[in-house]
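Oh and the sequence shown: position 107 is 362 in the numbering used here, straight run, nothing missing.
We treat Cβ as the ideally placed atom computed from N, Cα and C, and that holds for glycine.
Small disclaimer: the values here were computed from a predicted structure and weren't measured.
Quick notes on the structure that follows.
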Amino acid sequence: MIFEANSLSPATSPCLQSSIRFKTSRPLPPEDDSLDTTSAARNRIPLTALLLFTFIFVLIVFVFVFFQVVCPFSNVPQKTLSTSKSNVSTANRKKTPTIRLPTNNIPIHYDVTIKVFLPYKEGLSYGDLNNTIKGNAKIRLRCQKENSVIVFHVKNLIVHHDSVRIFDAVRRNAIEVGKLIPRPEAEWIEIHTKQKFRSGGEYLVLFDYSAKLGGSVQGGLYRSSYVENGKRKWMATTQMQTHDARRLLPCMDEPAMKAEFLLTVIHPVGTNAISNSEKNKTTLISR
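Take a look at the structure:
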């Protein structure tokens with residue numbers, strides 16, 4: 256908004272007019288103190304009007320700025336004043352907390368075996384085990400800082416407490432396991448030990464776990480299908496990105512914690528296990 260003010264014309268001085276009007280050769284009348292007082296008062300009128308106009312102008316500008324800038328946001332929570340990107344991040348954190356893993360321990364190698372109970376054809380059933388997996392893992396960790404807690408990401412997985420064992424990879428002595436504490440709000444599980452891990456040491460963590468096959472929108476290891484020769488066939492496939500590896504196995508599911516994997520899949524004869532990595536070997540086993 257722009258304010259415009261017309262310039263004010265100065266008022267004509269009565270004393271000056273009287274001086275001109277009575278400019279003759281005759282002597283001037285005696286000075287009247289009352290005229291001087293009136294003249295001085297009238298001379299102050301333009302200055303007073305200018306100051307009053309300036310005050311009103313400043314007041315209008317202040318009121319305009321206050322109501323246009325300050326008031327519309329006065330009752331809005333502070334979080335909504337951030338950028339739209341920050342607002343999206345805040346909304347996402349409410350759905351999936353972005354809690355980072357502690358870096359006291361880092362993974363070096365995963366050795367994982369999974370058995371998939373997938374009814375991939377008509378007439379095949381595993382009973383209560385249909386569309387589930389059983390797995391066991393041996394994970395080698397390096398301790399970065401002395402501590403007594405190992406944290407793995409898990410989501411829709413069950414780690415069997417009685418199966419958890421921990422060993423010093425060099426000294427070969429067992430580390431006694433204390434308690435397992437699930438943290439579903441952070442999508443992880445804490446394994447507390449009764450002895451501390453020494454900084455620079457390497458440790459083996461072994462455990463069994465189980466899970467259900469998810470749907471295609473869930474990620475991890477999920478059930479899917481395709482049509483071949485007019486027949487629908489079923490398969491179990493994986494989607495690990497961006498943070499869905501925790502649905503397949505307990506792991507440290509963060510980009511900064513990459514490690515090597517050795518994966519063994521137990522599947523029925525007549526089916527194939529396909530990977531984007533080179534196959535090591537295939538062994539025939541009994542049920």
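Name the DSSP bridge partner or partners of residue i?
| i | result |
| --- | --- |
| glycine 433 | DSSP lists no partner for glycine 433. |
| threonine 448 | Val432 |
| isoleucine 413 | Ser465 |
| valine 482 | Arg487 |
| phenylalanine 372 | Thr387 |
| valine 367 | Ala392, Leu518 |
| tyrosine 381 | Per DSSP, none; premise fails for tyrosine 381. |
| proline 362 | Leu396 |
| leucine 459 | Arg395, Phe422 |
| arginine 438 | Trp443 |
| isoleucine 405 | Ile446 |
| leucine 539 | Looking at the DSSP assignment, leucine 539 forms no beta bridge with any residue, so it has no partner. |
| leucine 314 | DSSP, once it has assigned bridges, lists no residue as partnering leucine 314. |
| leucine 476 | Thr493 |
What does the Cβ neighbour count give for residue i, buried or exposed, with the cut at 16 atoms within 10 Å?
| i | result |
| --- | --- |
| aspartate 499 | buried |
| asparagine 360 | buried |
| leucine 539 | exposed |
| asparagine 347 | Here the model assigns asparagine 347 a pLDDT of 43, short of 50, so the residue's position is not dependable, and the following value carries that caveat. Exposed is the call here. |
| aspartate 508 | buried |
| histidine 408 | buried |
| leucine 476 | buried |
| arginine 487 | exposed |
| proline 523 | exposed |
| glycine 225 | Residue 225 lies beyond the residue range present for the chain, which begins at 256 and ends at 542; the question has no answer from this structure. |
| valine 460 | buried |
| isoleucine 315 | exposed |
| isoleucine 369 | buried |
| leucine 305 | exposed |
| isoleucine 311 | exposed |
| serine 337 | Any reading at serine 337 must be qualified, since the residue scores a pLDDT of 36, below 50, and its modelled position is unreliable; the value itself is stated next. Exposed, by the Cβ-count rule. |
For residue i versus residue j, is the C-beta distance shorter than 8 Å?
| i | j | result |
| --- | --- | --- |
| valine 371 | isoleucine 388 | yes |
| isoleucine 436 | threonine 448 | no |
| glutamate 457 | arginine 420 | no |
| isoleucine 394 | tyrosine 365 | yes |
| tyrosine 464 | glycine 382 | no |
| isoleucine 363 | alanine 466 | no |
| asparagine 386 | leucine 518 | no |
| proline 505 | leucine 412 | yes |
| alanine 491 | arginine 501 | no |
On a Cα-Cα basis, can you pick out the residue from the options that is closest to residue i?
| i | options | result |
| --- | --- | --- |
| valine 367 | His408, Phe462, Asn385, Ile311 | Phe462 |
| valine 520 | Phe308, Tyr458, Leu503 | Leu503 |
| glycine 525 | Pro374, Lys393, Thr358, Tyr477 | Pro374 |
| lysine 434 | Asn428, Asp423, Gln450, Arg427 | Gln450 |
| lysine 410 | Phe516, Gly474, Ile311, Asn531 | Gly474 |
| lysine 358 | Thr493, Gly455, Val482, Ile315 | This sequence places threonine at residue 358; lysine is not what is there. With distances taken between Cα atoms, threonine 358 lies closest to Gly455. |
From residue i to residue j, what does the alpha carbon distance come to, in whole angstroms?
| i | j | result |
| --- | --- | --- |
| serine 289 | threonine 303 | Its pLDDT being 45, under 50, serine 289 is placed unreliably by the model, and nothing is read from it. |
| phenylalanine 452 | alanine 441 | 23 Å |
| serine 480 | valine 425 | 46 Å |
| isoleucine 446 | proline 510 | 21 Å |
| asparagine 527 | tryptophan 489 | 12 Å |
| methionine 495 | phenylalanine 317 | 57 Å |
| valine 432 | arginine 355 | 23 Å |
| glutamine 333 | phenylalanine 308 | Caution applies to glutamine 333, whose pLDDT of 38 falls short of 50 and renders its modelled position unreliable; the value that the coordinates give is listed next. C-alpha separation (whole angstroms): 38 Å. |
| asparagine 428 | asparagine 531 | 37 Å |
| serine 380 | serine 403 | 43 Å |
| aspartate 417 | threonine 497 | 31 Å |
| glutamate 483 | aspartate 423 | 50 Å |
| isoleucine 529 | lysine 376 | 18 Å |
| glutamate 401 | threonine 537 | 40 Å |
| lysine 534 | phenylalanine 516 | 12 Å |
| valine 472 | glutamine 399 | 36 Å |
| serine 541 | glycine 378 | 21 Å |
| proline 439 | threonine 493 | 22 Å |
| alanine 392 | tryptophan 443 | 16 Å |
| glycine 485 | methionine 512 | 44 Å |
Any heavy atom of the ligand GDP closer than 7 Å to the CB of residue i?
| i | result |
| --- | --- |
| aspartate 366 | The ligand GDP is not part of this structure, which contains no ligands at all. |
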